[in-house]
Amino acid sequence: MTTQNSDERAVEELVGFDIGRRNLMKMTGASVVALGAMSVLGTPFAMAQDLSNGADNFYTSDKAILQKVSFKSQYQMNVAGNLFVPKSLDRTAKHPAIIVGHPMGAVKEQSANLYAAKMAERGFVTMSIDLPFWGESDGQARNLVSPDVYAEAFSAGVDFLGTQPFVDRARIGAIGICGSGSFVISAAKIDPRMKAIATVSMYDMGAVNRNALRHSQTVEQRKQFIAAAAAQRYVEFTGGETEYTSGTVNQLTADTDPIQREFYDFYRTPRGEYTPEGATPLTTTHPTLTSNIKFMNFYPFNDIETISPRPLLFISGDQAHSREFSEDAYRLAAEPKELYWVKGAGHADLYDRVNLIPFDKLRSFFDQHLAAV
Numbered sequence: 010m011t012t013q014n015s016d017e018r019a020v021e022e023l024v025g026f027d028i029g030r031r032n033l034m035k036m037t038g039a040s041v042v043a044l045g046a047m048s049v050l051g052t053p054f055a056m057a058q059d060l061s062n063g064a065d066n067f068y069t070s071d072k073a074i075l076q077k078v079s080f081k082s083q084y085q086m087n088v089a090g091n092l093f094v095p096k097s098l099d100r101t102a103k104h105p106a107i108i109v110g111h112p113m114g115a116v117k118e119q120s121a122n123l124y125a126a127k128m129a130e131r132g133f134v135t136m137s138i139d140l141p142f143w144g145e146s147d148g149q150a151r152n153l154v155s156p157d158v159y160a161e162a163f164s165a166g167v168d169f170l171g172t173q174p175f176v177d178r179a180r181i182g183a184i185g186i187c188g189s190g191s192f193v194i195s196a197a198k199i200d201p202r203m204k205a206i207a208t209v210s211m212y213d214m215g216a217v218n219r220n221a222l223r224h225s226q227t228v229e230q231r232k233q234f235i236a237a238a239a240a241q242r243y244v245e246f247t248g249g250e251t252e253y254t255s256g257t258v259n260q261l262t263a264d265t266d267p268i269q270r271e272f273y274d275f276y277r278t279p280r281g282e283y284t285p286e287g288a289t290p291l292t293t294t295h296p297t298l299t300s301n302i303k304f305m306n307f308y309p310f311n312d313i314e315t316i317s318p319r320p321l322l323f324i325s326g327d328q329a330h331s332r333e334f335s336e337d338a339y340r341l342a343a344e345p346k347e348l349y350w351v352k353g354a355g356h357a358d359l360y361d362r363v364n365l366i367p368f369d370k371l372r373s374f375f376d377q378h379l380a381a382v
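One gets our numbering by counting positions in the sequence shown from 1 and adding 9 to each.
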C-alpha cells in the first residue's frame with residue numbers, strides 16, 4: 010500500500026475541487042473566473058511570463074525608504090502595511106499621503122507595493138496595505154471575504170497616516186486597484202478624511218458576483234451559487250474541510266479563455282506570483298466559498314454621489330474586460346470626477362506594466378487635490 014503525504018492529499022482534494030469549480034464556471038459564465046484573478050495550485054509554470062511594456066511587479070525604489078508597519082482597525086485587527094517615505098522628504102514639515110490597496114485576493118506585494126513605491130518617488134508619503142484575512146494582516150479564517158472589514162482597513166490606514174508627524178492629515182488620498190477600487194469607494198462614502206480617491210482597473214466585487222461580467226449570470230444561477238455556499242456551511246460547521254472558490258485555471262489548454270489567460274500570466278508565473286510567509290500556494294488568492302457570497306450584499310456604488318465634492322479618478326485600460334465597472338461608477342458619481350482611459354491596456358496590464366500605468370496622471374491628480382490650503 011502506498012501512502013500520501015499531506016501536500017499530496019491537499020493537491021488531490023483541490024484538483025477535485027477545481028473540476029467542480031470549472032463546471033460551476035460553465036454554469037455561471039466564464040466571467041466568474043475574474044472574481045479576483047485568483048490562482049489555486051502552485052504548479053510549475055507552464056508558460057514564460059509576459060514581461061512586455063515594462064512589467065515590473067517586484068520593483069524596488071532607491072529613492073524611498075520602506076518600513077513595515079502595523080496598526081489596529083476598529084475591529085481590533087492588526088492591519089499590515091508597507092510605509093514608503095521619499096528619502097529626500099523633509100520630516101520636519103507635513104506632507105500629503107496616499108494609501109494603496111491591492112487587487113482582490115492578492116496581497117500588498119502584488120501591484121500595491123509597485124504603486125506605493127512609484128508614487129513615493131513622486132514626492133508622496135505612501136502606504137500599501139494587506140486587507141484583513143490576507144497577507145500579513147490579521148483575520149481568521151484566512152482568505153475570508155468581508156467587504157465591511159476590508160473598507161475599514163482603509164479608514165484604519167487614515168488613522169495611522171494621520172497621526173504620523175510628517176503627514177498632513179488634511180491631505181490624505183487613496184488608490185484602490187481592482188477589487189480594492191470598490192472597497193475604497195465604500196470606505197470613502199463614510200470617511201471624509203479621504204480627500205481624493207483614484208481607482209485603477211476597478212472591479213465592483215458586488216456586481217461581478219451577482220451578475221458576472223456584462224450581466225451574463227441569471228438570478229437563478231446566482232441562487233444556485235448561494236445555495237451551494239449555504240450547504241457548505243453545514244459541512245464546515247460540523248468539522249468538514251474548508252472549500253474555496255473562484256480562481257485561475259491551473260493549466261492552460263487550447264480552450265482556456267482570454268480572461269483566464271490574462272490573470273494566469275500575472276498570478277501563476279514569476280511575473281506576479283507571491284506566496285506570503287506561512288501560507289501555501291495551494292490556496293493563495295483563493296477566497297472561501299462560504300464567505301464569498303457576502304459580496305452579493307455589497308453595493309459600493311450606492312450613494313457614490315455623496316463623496317462629492319471630493320474628487321474621483323477612475324483609470325481603466327480601454328481594452329480591459331472590467332471597464333464596465335469604471336464606466337458605471339463614473340456615470341453614478343457626482344462632480345468632480347474623471348474617467349481616464351489608457352489606450353491599448355487590458356485589465357491586468359495596469360497591475361504592473363510601468364510603461365502603461367499613468368503614474369504621472371496619478372501624480373497630477375493628487376498634486377491638485379491634496380495641495381496645501
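No residue lacks a Cβ here, since even glycine has one placed at the ideal position from N, Cα and C.
Distance between F272 and H330, taken at the CA atoms: about 11 Å.
Of F246, Y360, F374, I302, the smallest CA-CA separation from V209 is found for Y360. Under the three-state reduction of DSSP output, G148 falls in the coil class, being neither helix nor strand. Beta-bridge partners of W350 (DSSP): S325.
Around the beta-carbon of S225, fewer than 16 other beta-carbon atoms lie within 10 Å, marking it exposed.
Nearest C-alpha to E314 among V363, Q328, P201: P201. Residue range 203 to 209 is occupied by the beta strand (DSSP E) that includes T208. By the neighbour-count criterion, in which 16 or more other beta carbons inside 10 Å mark a residue as buried, K81 falls on the exposed side. Taking the CA atoms as reference points, V94 sits about 15 Å from G182. The Cβ atoms of D213 and S195 do not sit closer than 7 Å to each other. In this structure D327 is in contact with G353, their Cβ atoms being roughly 7 Å apart against a cut-off of 8 Å.
For P296, no alpha helix (DSSP H) encloses it, and the DSSP letter there is neither H nor E. Q76 is bridged by DSSP to L92. It is roughly 19 Å from the alpha-carbon of T69 to the alpha-carbon of D59.
Counting other Cβ atoms within 10 Å of its Cβ, Q269 reaches 16 or more and is therefore classed as buried. Taking the C-beta atoms as reference points, F307 is found no nearer than 7 Å to G166. The residues S210, E271, G326, A329, H330, S331, in chain order, have a CB closer than 7 Å to that of H356 in the same chain once the five nearest residues on each side in sequence are set aside. Following the DSSP letters along the chain, one finds M86 in no beta strand (DSSP E), marked with neither H nor E.
Collapsing the DSSP output to three states places D71 in coil. With a threshold of 16 other beta carbon atoms within 10 Å, R280 meets it and is buried. P296 sits buried, since 16 or more C-beta atoms from the chains shown fall within 10 Å of its C-beta. By the neighbour-count definition (other C-beta atoms within 10 Å, threshold 16), Y159 is a buried residue. Excluding the 5 residues flanking it on each side, E286 has same chain C-beta neighbours closer than 8 Å at E145, in chain order. Judged by pairs of C-beta atoms under 8 Å, the region 334 to 341 does not touch the region 243 to 252, as fewer than three such pairs exist. With contacts defined by Cβ atoms closer than 7 Å, I108 and F133 do not form a contacting pair.
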